Amino acid sequence: MTTFSERPRTALMVIDVQKGVVAGAHQRDTVVANIAALVDTARAQGAPVVWVQHSDEGLEKGSEDWEYVPELPRRESEPLVHKTYGDSFEGTDLEEVLAGAGVGHLVVTGAQTDACIRSTIHGAFVRGYDVTLVGDAHTTEDLSQWGAPPPEQVIAHTNLYWQEQSAPARKAGVVETKDVTFSD
(Lines of atoms letter the chains of each structure in order from A and count residues from 1; the text may use other names and numbers.)
(Lines give C-alpha, C1' and ligand atoms only; values in the text may rest on other atoms or scores of the structure.)
Protein backbone atom coordinates (compact mmCIF):
# COMPACT_ATOMS: atom_id res chain seq x y z
CA MET A 1 0.00 0.00 0.00
CA THR A 2 2.87 2.35 -0.84
CA THR A 3 2.16 6.04 -1.32
CA PHE A 4 3.36 5.51 -4.89
CA SER A 5 0.15 4.05 -6.29
CA GLU A 6 1.52 4.32 -9.84
CA ARG A 7 4.57 2.22 -8.83
CA PRO A 8 3.32 -1.28 -7.99
CA ARG A 9 6.61 -3.22 -8.36
CA THR A 10 8.76 -4.71 -5.63
CA ALA A 11 12.57 -4.55 -5.83
CA LEU A 12 15.35 -6.28 -3.94
CA MET A 13 17.95 -3.89 -2.53
CA VAL A 14 21.41 -5.27 -1.79
CA ILE A 15 23.25 -2.72 0.32
CA ASP A 16 27.03 -2.59 0.83
CA VAL A 17 27.87 -6.31 0.76
CA GLN A 18 31.43 -5.32 -0.01
CA LYS A 19 34.60 -7.20 0.92
CA GLY A 20 35.78 -4.66 3.48
CA VAL A 21 32.31 -4.07 4.94
CA VAL A 22 31.41 -7.70 5.66
CA ALA A 23 34.89 -9.15 6.29
CA GLY A 24 34.24 -9.40 10.04
CA ALA A 25 30.45 -9.40 9.96
CA HIS A 26 28.30 -11.57 12.19
CA GLN A 27 27.33 -14.81 10.38
CA ARG A 28 28.81 -13.41 7.19
CA ASP A 29 28.62 -16.60 5.11
CA THR A 30 25.02 -17.39 6.09
CA VAL A 31 23.86 -13.84 5.40
CA VAL A 32 25.65 -13.70 2.03
CA ALA A 33 24.14 -17.07 1.08
CA ASN A 34 20.66 -15.80 2.02
CA ILE A 35 21.18 -12.68 -0.08
CA ALA A 36 22.37 -14.81 -3.02
CA ALA A 37 19.19 -16.90 -2.73
CA LEU A 38 17.10 -13.72 -2.72
CA VAL A 39 18.90 -12.39 -5.79
CA ASP A 40 18.12 -15.67 -7.58
CA THR A 41 14.46 -15.49 -6.51
CA ALA A 42 14.10 -11.85 -7.58
CA ARG A 43 15.63 -12.58 -10.97
CA ALA A 44 13.45 -15.66 -11.48
CA GLN A 45 10.33 -13.65 -10.61
CA GLY A 46 11.33 -10.72 -12.84
CA ALA A 47 11.82 -8.28 -9.97
CA PRO A 48 14.43 -5.53 -10.15
CA VAL A 49 17.64 -6.07 -8.16
CA VAL A 50 19.22 -2.79 -7.10
CA TRP A 51 22.81 -2.84 -5.86
CA VAL A 52 24.16 -0.15 -3.54
CA GLN A 53 27.88 0.38 -3.02
CA HIS A 54 29.39 2.66 -0.38
CA SER A 55 32.62 4.63 -0.49
CA ASP A 56 34.22 7.11 1.88
CA GLU A 57 37.70 7.94 3.15
CA GLY A 58 37.87 4.59 4.98
CA LEU A 59 36.48 2.61 2.04
CA GLU A 60 38.15 3.97 -1.05
CA LYS A 61 36.31 3.65 -4.35
CA GLY A 62 38.14 1.18 -6.59
CA SER A 63 39.99 -0.56 -3.73
CA GLU A 64 39.71 -4.30 -3.12
CA ASP A 65 37.74 -3.69 0.11
CA TRP A 66 35.28 -1.55 -1.87
CA GLU A 67 34.46 -4.41 -4.28
CA TYR A 68 31.35 -6.53 -3.82
CA VAL A 69 31.91 -10.01 -2.39
CA PRO A 70 32.50 -12.57 -5.17
CA GLU A 71 29.50 -14.67 -4.10
CA LEU A 72 27.19 -11.90 -5.31
CA PRO A 73 27.84 -11.15 -8.97
CA ARG A 74 25.79 -8.25 -10.33
CA ARG A 75 24.41 -8.46 -13.83
CA GLU A 76 25.34 -5.57 -16.10
CA SER A 77 21.64 -4.82 -16.63
CA GLU A 78 21.03 -4.36 -12.89
CA PRO A 79 21.39 -0.82 -11.52
CA LEU A 80 24.32 0.04 -9.27
CA VAL A 81 23.91 3.04 -6.99
CA HIS A 82 27.07 4.60 -5.54
CA LYS A 83 26.69 6.32 -2.18
CA THR A 84 28.76 8.18 0.37
CA TYR A 85 26.16 8.53 3.15
CA GLY A 86 24.41 5.93 5.29
CA ASP A 87 20.98 6.48 3.74
CA SER A 88 21.12 5.04 0.23
CA PHE A 89 18.86 7.86 -1.03
CA GLU A 90 21.07 10.76 0.12
CA GLY A 91 23.15 12.26 -2.67
CA THR A 92 22.39 9.39 -5.09
CA ASP A 93 20.15 8.62 -8.05
CA LEU A 94 18.34 5.82 -6.17
CA GLU A 95 14.97 7.57 -6.31
CA GLU A 96 15.26 7.98 -10.09
CA VAL A 97 16.28 4.32 -10.49
CA LEU A 98 13.28 3.13 -8.47
CA ALA A 99 10.83 5.49 -10.17
CA GLY A 100 12.07 4.39 -13.58
CA ALA A 101 11.43 0.75 -12.66
CA GLY A 102 7.99 1.47 -11.18
CA VAL A 103 9.06 0.40 -7.68
CA GLY A 104 7.07 1.35 -4.58
CA HIS A 105 8.03 -1.58 -2.33
CA LEU A 106 11.58 -2.36 -1.23
CA VAL A 107 12.90 -5.66 0.14
CA VAL A 108 16.10 -4.71 1.96
CA THR A 109 19.22 -6.78 2.63
CA GLY A 110 22.90 -6.11 3.31
CA ALA A 111 25.20 -4.40 5.78
CA GLN A 112 25.71 -2.78 8.26
CA THR A 113 22.53 -3.27 10.27
CA ASP A 114 23.22 -0.42 12.70
CA ALA A 115 24.30 2.08 10.06
CA CYS A 116 23.42 1.90 6.37
CA ILE A 117 20.58 -0.62 6.74
CA ARG A 118 18.80 1.39 9.44
CA SER A 119 19.40 4.68 7.65
CA THR A 120 18.06 3.33 4.37
CA ILE A 121 14.95 1.59 5.73
CA HIS A 122 13.98 4.74 7.60
CA GLY A 123 14.86 6.93 4.61
CA ALA A 124 12.74 4.80 2.29
CA PHE A 125 9.80 4.67 4.68
CA VAL A 126 9.64 8.44 5.20
CA ARG A 127 9.90 8.93 1.43
CA GLY A 128 6.72 6.86 0.95
CA TYR A 129 7.96 3.34 0.21
CA ASP A 130 6.70 0.11 1.70
CA VAL A 131 9.78 -1.45 3.27
CA THR A 132 10.34 -5.11 4.09
CA LEU A 133 13.53 -5.96 5.96
CA VAL A 134 14.77 -9.53 5.45
CA GLY A 135 15.55 -10.53 9.04
CA ASP A 136 18.15 -13.17 8.23
CA ALA A 137 19.76 -11.27 5.34
CA HIS A 138 21.38 -8.28 7.05
CA THR A 139 24.40 -8.15 9.32
CA THR A 140 26.90 -6.00 11.16
CA GLU A 141 30.30 -6.25 12.75
CA ASP A 142 30.95 -6.49 16.49
CA LEU A 143 31.26 -2.97 17.86
CA SER A 144 30.76 -3.95 21.50
CA GLN A 145 34.23 -2.75 22.50
CA TRP A 146 32.92 0.77 21.80
CA GLY A 147 29.74 0.29 23.84
CA ALA A 148 27.39 -1.16 21.24
CA PRO A 149 25.43 -4.33 21.98
CA PRO A 150 26.80 -7.55 20.43
CA PRO A 151 25.87 -7.93 16.74
CA GLU A 152 23.23 -10.61 17.30
CA GLN A 153 21.40 -8.20 19.63
CA VAL A 154 21.71 -5.30 17.17
CA ILE A 155 20.21 -7.48 14.45
CA ALA A 156 17.46 -8.86 16.70
CA HIS A 157 16.52 -5.40 17.96
CA THR A 158 16.34 -3.98 14.44
CA ASN A 159 14.13 -6.88 13.35
CA LEU A 160 11.93 -6.39 16.43
CA TYR A 161 11.28 -2.69 16.07
CA TRP A 162 10.93 -2.72 12.27
CA GLN A 163 7.94 -5.09 12.55
CA GLU A 164 6.11 -2.42 14.51
CA GLN A 165 6.60 0.55 12.16
CA SER A 166 3.50 2.15 10.75
CA ALA A 167 2.55 5.25 8.82
CA PRO A 168 -0.34 6.36 6.62
CA ALA A 169 -0.48 4.48 3.31
CA ARG A 170 2.76 2.55 4.00
CA LYS A 171 3.71 -0.86 5.32
CA ALA A 172 6.81 -2.04 7.09
CA GLY A 173 7.66 -5.58 8.03
CA VAL A 174 10.26 -8.24 8.61
CA VAL A 175 10.34 -11.63 6.90
CA GLU A 176 12.82 -14.46 6.60
CA THR A 177 14.54 -15.32 3.32
CA LYS A 178 12.39 -18.41 2.78
CA ASP A 179 9.20 -16.30 2.93
CA VAL A 180 10.14 -13.53 0.48
CA THR A 181 8.16 -13.20 -2.72
CA PHE A 182 8.42 -10.49 -5.32
CA SER A 183 5.00 -11.02 -6.87
CA ASP A 184 3.03 -7.83 -7.20
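Residue numbers are given in my numbering: position 157 of the sequence shown equals residue 291, and the series is strictly consecutive.
Backbone N, C-alpha and C define an ideal beta-carbon position, used for all residues, glycine too.
Bear in mind the structure is a predicted one, so any value in this text is a computation, not a measurement.
- For T137 and D270, the gap between their C-alpha atoms comes out near 27 Å.
- Taking the Cβ atoms as the reference, V215 lies roughly 7 Å from W185, within the contact range of under 8 Å.
- In this structure, V203 lies away from D248, with their beta-carbon atoms at least 7 Å apart.
- In this structure, I255 is the residue among G236, I255, W200 with its C-alpha nearest to the C-alpha of V242.
- Collapsing the DSSP output to three states places W185 in a strand.
- Cβ atoms of E205 and K153 stay farther apart than 8 Å, at about 11 Å.
- Excluding its 5 nearest sequence neighbours in each direction, E198 has C-beta neighbours in its own chain below 8 Å: K153, G154, listed in chain order.
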